[in-house]
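A.B. asks: Okay, handing you the structure first.
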């Protein structure tokens, strides 16, 4: 009997990218430039970008919010899925990384859909609420400072409409949330937020083992 070959995680990731995504040349170029950077692994995977774009279409999203933009791959993916009058409000602190993002958004002809807000995300979200933009977003994607995830959550719950979605990335934090001996601040923050969301009567939720763990929240 032929011995079953063990397929590595890297091989299955490559298969997903090659077979399960429809990356444009612009997305491929952005990914290549970002992955050449020392911290390129901070970028969302092509599968994640594809899934977020599909999710936006499934719920008929017109206005979305992104907390943590980095070099702009996820915003590029979602913007392409929005209608012509759609908008992403993208929050980030880095002029260096978002300068890369702007180049690719412009190249894709999507820069008019993406409203980049530079500065601390909590302050930006508070300002949006103060400006009367509560209940006006269909979808929020959170992939930024893990210690502030709970602060982002509470504000996005106000900004997203009833029935709207909030998506969190990195909720496993390299699987550390399941290690009771790991008490790093980021790990503790995510572990506590996972429990908070599970017990939160304001939302429907699902934590799934996709990538580094993604939590999907629907505001009731």
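In our numbering, the protein residues as written are 278 to 497.
Ideal Cβ placement from N, Cα and C applies to all residues, glycine included.
Values in this document were obtained by computation on a predicted structure and should not be read as measured data.
Quick check: the Cα distance between residue 297 and residue 291, rounded to an integer number of angstroms?
C.D. replies: Answer to the nearest angstrom: the Cα atoms are 10 Å apart.
A.B. asks: Which word fits residue 424, buried or exposed, when buried means at least 16 other C-beta atoms lie within 10 angstroms of its C-beta?
C.D. replies: Counting Cβ neighbours within 10 Å, residue 424 comes out exposed, since fewer than 16 surround it.
A.B. asks: Taking only the alpha-carbon atoms, compute the straight-line gap between residue 418 and residue 326 and give it to the nearest angstrom.
C.D. replies: Approximately 11 Å, taken between the alpha carbons.
A.B. asks: Could you tell me which whole alpha helix (DSSP H) segments of length 4 or greater appear in the segment 305-354?
C.D. replies: For the segment 305-354, whole alpha helix (DSSP H) runs of length 4 or above, ordered along the chain, are 323-335.
A.B. asks: Rank 341, 447 and 371 by C-alpha distance to the C-alpha of residue 392 and give the top, closest one.
C.D. replies: Looking at the Cα atoms, 341 is the closest of the given residues.
A.B. asks: Could you tell me whether the segment 477-496 touches the segment 437-444, using the rule of 3 or more Cβ pairs below 8 Å?
C.D. replies: Taking 8 Å as the limit for Cβ pairs, the verdict is that the segment 437-444 does touch the segment 477-496.
A.B. asks: Classify residue 349 as buried or exposed, calling it buried when 16 or more other Cβ atoms lie within 10 Å of its own Cβ.
C.D. replies: Counting Cβ neighbours within 10 Å, residue 349 comes out buried, since at least 16 surround it.
A.B. asks: Only counting runs of 4 or more residues, tell me where the alpha helix (DSSP H) segments fall wholly within the segment 344-412, in order along the chain.
C.D. replies: Listed in chain order, they are 350-358, 372-384 and 398-407.
A.B. asks: Expressed to the nearest angstrom, what Euclidean distance is found between the alpha-carbon atoms of residue 451 and residue 487?
C.D. replies: Spanning the two alpha carbons is a distance of roughly 12 Å.
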